[in-house]
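Protein chains: 2
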Amino acid sequence: MSSREVRLAARPVGEPVPSDFELVEVDVPAPEEGQVLVRNLWMSVDPYMRGRMNDTKSYVPPFQLGKALEGGAVGEVVESTVDSHAVGDLVLSNTGWRELAVGPAKHFSRVDRIDAPSHYLGALGMPGLTAYAGLLRSAEFANGETVFVSGAAGAVGSMVGQLVKLRGGTAIGSAGSPEKVAWLKEIGFDQAFDYHDGRVTDLLAKAAPEGIDVYFDNVGGDHLEAAIASLRLHGRAAICGMISQYNATEPSPAPRNMTMIVGKRLVLRGLLVSDHQDLTQQFRAEVGAAIADGRVQVRETVVEGIEHAAQAFIGMLRGENTGKMLVKL
Amino acid sequence: MSSREVRLAARPVGEPVPSDFELVEVDVPAPEEGQVLVRNLWMSVDPYMRGRMNDTKSYVPPFQLGKALEGGAVGEVVESTVDSHAVGDLVLSNTGWRELAVGPAKHFSRVDRIDAPSHYLGALGMPGLTAYAGLLRSAEFANGETVFVSGAAGAVGSMVGQLVKLRGGTAIGSAGSPEKVAWLKEIGFDQAFDYHDGRVTDLLAKAAPEGIDVYFDNVGGDHLEAAIASLRLHGRAAICGMISQYNATEPSPAPRNMTMIVGKRLVLRGLLVSDHQDLTQQFRAEVGAAIADGRVQVRETVVEGIEHAAQAFIGMLRGENTGKMLVKL
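Keeping their order, the protein sequence lines are chains V and E.
Note that numbering that gives the first Met the number 0 gives residue 91 to position 92 of the first sequence, counting from 1, and the numbers run on in steps of one.
Note that numbering that gives the first Met the number 0 gives residue 208 to position 209 of the second sequence, counting from 1, and the numbers run on in steps of one.
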């Protein structure tokens, strides 16, 4: 059978460009014993993928030049050699960036049919769990506290704010356009601002005149500096991502107020969702119920066709998405 | 009775200069009911005092212009109005920067007579407890781990390294002169380097080719950047001080590798000794015994006379001390 996949043609320097990617038609072999053949319905583009495009040692190996990229995908089994997986089963895997995927059945987790399977890549998937574990574990959020989240209109950030509201806290978010800010207020954020409207430190001081207890960092740079200034005694920051840095060709200067970490006894804690898979069931049950009864709103920005996947990824890094950025295959 | 005290004459800009301080002769009143009169024998100069000389809100109020400075002091009761304090008792207080002090008895803690009462300001005092609590609590050090400490030849740093060795770990230290480096090796550090000998990142990579588990930060800036690069997965940093920044008039650009906090799931935790007073007894018993039987070495740099206290403080910020910097009154 014939499929298309997206390969890394060149390692991006700074902001990725379309020529860094290559769409290739390939023959997919029939599944061998123990394998399944899956047609992907949805694939994810996520900020962390930018790091894997660099040839640097990190927590995951870099993508290989000339090889297909990888990432979250939801698909349907079209051919199976194992009892555990039936044709038609909905599965979650890391075989994104391709239309058809073949591989060991154990690499494809069966998931329940739900109204919007794409949620398994966003609100009910890796970004949602990142928000959940980051807020409750990394940042040790206590009900009722005040939380500032940057990149608040993204897949992770929008979930952070809504989880805070579900737990009686105050949610403050920053985003990159007036439309996003309006959406944040619509879904319950107490305060939201467009970071283009001034110095982030000033904007945050205005939004949180009494300071914040928790910062959930998706952006880094001046957002982290503003948060360090605003955090109260014993405040905590979950360092989840620093999207402002991913395309940087020069290392960015640190927050210039790092000494405040001492006097305020702040805790900055790096967060990687893979450490928190044990929370998956609890998280899906809680957030699934909140989505079902409307207490949590989910928004997705959908690009159609694998031929536009690279553009979706580039656009996501530019902030063109509201909520989760997805590619429908 | 007549005494001398050191007052803050001007708020230092950058590195403090002698004219920022003023030595004044004052009359000390007789102690009122509930008060004691104490002759200070030793006073401490500590890095944190530099922050209090700025007119900025912090965890302690700034020193007031024209008023006597404050800080740790060990003295002897010379007059008492209370049963709890007898003439001749050794007391620890925050009445440094003056020869005679009068005040409520409860502000003067009675301490046991020991061979070297000056240790109450260093190895058995605030700096020692800072090392103890920072290593065991803030950095969650586990026996046998590898620890890098900056400012290792200072009062706090030299204790950190020796506590690591007492617990079967590997101690790596940086300091500012070949003499200090030699002393660190003498007291048991496994590796020590002079940070003037190259980029700290390179020097640390050479000293700890397999990386470190814990960083104890007394310096900030490029030392913190080097540590972030060297820390292993789930590494921890106790952020105790950033002496490289205290005299800075411009914020420092480093560390420039903050994104590594995410992938390595690092934890940076601000440390202030006042949160850990509950450990005092346990700490003094353990470290006191280790000093007594020679497992922990104590070094002090002593300046004589209150008229040289300002110079001792300025010199300490420049790194002129090895071990604790003290003024003998």
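We put the CB at the ideal spot given by N, CA and C, even for glycine.
For residue i, the first and last residue of its enclosing alpha helix (DSSP H)
i                      : result
residue 222 of chain V : 220-229
residue 213 of chain E : That residue, residue 213 of chain E, is in no alpha helix (DSSP H); its beta strand (DSSP E) goes 211-216.
residue 259 of chain E : 259-262
residue 268 of chain E : Not the alpha helix (DSSP H): residue 268 of chain E falls in the beta strand (DSSP E), residues 266-269.
residue 312 of chain E : 308-317
residue 300 of chain E : From DSSP, residue 300 of chain E is part of no alpha helix (DSSP H) but of the beta strand (DSSP E) over 299-303.
residue 50 of chain V  : 47-51
residue 244 of chain V : 242-245
Residue i, buried or exposed, once every other Cβ within 10 Å from all chains shown has been counted against 16
i                      : result
residue 191 of chain V : buried
residue 18 of chain E  : exposed
residue 141 of chain E : exposed
residue 325 of chain V : buried
residue 317 of chain E : exposed
residue 154 of chain E : buried
residue 67 of chain V  : buried
residue 54 of chain V  : exposed
residue 368 of chain E : Because chain E in this structure spans residues 0 to 328, residue 368 of chain E falls outside the shown range and cannot be described.
residue 321 of chain V : buried
residue 222 of chain V : buried
residue 294 of chain E : exposed
residue 86 of chain E  : exposed
residue 234 of chain E : buried
residue 161 of chain E : buried
residue 79 of chain V  : buried
residue 117 of chain V : buried
residue 1 of chain V   : exposed
residue 323 of chain E : buried
residue 169 of chain E : buried
residue 83 of chain E  : exposed
residue 145 of chain V : buried
residue 46 of chain E  : buried
residue 179 of chain V : buried
residue 34 of chain V  : buried
residue 114 of chain E : exposed
residue 16 of chain V  : exposed
residue 276 of chain E : exposed
residue 64 of chain E  : exposed
Limits of the beta strand (DSSP E) - the one that residue i falls within
i                      : result
residue 174 of chain V : 169-174
residue 72 of chain V  : 72-79
residue 1 of chain E   : 1-7
residue 102 of chain E : 99-103
residue 92 of chain E  : 89-92
residue 191 of chain E : 190-193
residue 285 of chain V : No beta strand (DSSP E) contains residue 285 of chain V, which is instead part of the alpha helix (DSSP H) from 279-291.
residue 42 of chain V  : 34-43
residue 324 of chain V : 323-327
residue 202 of chain V : Not the beta strand (DSSP E): residue 202 of chain V falls in the alpha helix (DSSP H), residues 199-206.
residue 20 of chain E  : 20-26
CB-CB length for residue i against residue j, believed under 8 angstroms
i                      : j                      : result
residue 242 of chain V : residue 167 of chain V : Actually they do not touch by this definition, with Cβ atoms about 29 angstroms apart.
residue 134 of chain V : residue 188 of chain V : About 14 angstroms separates the two Cβ atoms, so there is no contact after all.
residue 268 of chain E : residue 274 of chain V : So it is not a contact: roughly 18 angstroms between Cβ atoms.
residue 42 of chain E  : residue 308 of chain E : 7 angstroms
residue 204 of chain E : residue 229 of chain E : 7 angstroms
residue 194 of chain V : residue 210 of chain V : Not quite, the Cβ-Cβ distance comes to about 19 angstroms (not below 8 angstroms), so this is no contact.
residue 208 of chain E : residue 158 of chain E : Not confirmed; about 26 angstroms, so no contact.
residue 287 of chain E : residue 22 of chain E  : With a Cβ gap of about 34 angstroms, residue 287 of chain E and residue 22 of chain E do not count as contacting.
residue 217 of chain E : residue 197 of chain E : At roughly 20 angstroms, the Cβ-Cβ gap does not stay under 8 angstroms, so residue 217 of chain E and residue 197 of chain E are not in contact.
residue 103 of chain V : residue 52 of chain V  : Actually they do not touch by this definition, with Cβ atoms about 26 angstroms apart.
residue 147 of chain E : residue 253 of chain E : Between residue 253 of chain E and residue 147 of chain E the Cβ distance is about 16 angstroms, and since that is not below 8 angstroms, they are no contact.
residue 248 of chain E : residue 13 of chain E  : 5 angstroms
Proximity test, Cβ basis, 9 angstroms: residue i and chain C
i                      : result
residue 194 of chain V : The chain labelled as chain C is not found among the protein chains of the depicted structure, namely V and E.
| request: Quick one: which residues of the region 255-271 of chain E get their C-beta closer than 9 angstroms to a C-beta of chain V? List them in chain order. | output: Listed by position, the residues of the region 255-271 of chain E near chain V (Cβ gap below 9 angstroms) are 255, 256, 257, 258, 259, 260, 261, 262, 263, 264, 265, 266, 267, 268, 269, 270, 271.
| Residues of the region 41-61 of chain E whose Cβ lies closer than 8 angstroms to any Cβ of chain V, in chain order | 50, 57, 58
| field | Contacting positions in the region 230-242 of chain E - beta carbon closer than 8 angstroms to chain V | value | For the region 230-242 of chain E, which is checked against every Cβ of chain V, the residues closer than 8 angstroms are 232, 238, 239, 240, 241.
| Residue ranges of each alpha helix (DSSP H) run of no fewer than 4 residues wholly in the region 114-191 of chain E, ordered along the chain? | 125-132, 154-165, 177-185
| Which residues, in order along the region 139-165 of chain V, keep a beta-carbon less than 9 angstroms from a beta-carbon of chain E? | none
| field | Contact residues within the region 267-299 of chain V, judged by C-beta distance below 8 angstroms to chain E | value | 267, 268, 269, 270, 271, 274
| Mind listing which residues of the region 165-185 of chain V have their C-beta closer than 9 angstroms to chain E's C-betas, in chain order? | Sequence-ordered contacts of the region 165-185 of chain V with chain E are nonexistent [C-beta pairs closer than 9 angstroms].
| Which residues, in order along the region 202-222 of chain V, keep a beta-carbon less than 8 angstroms from a beta-carbon of chain E? | Answer in chain order: 219.
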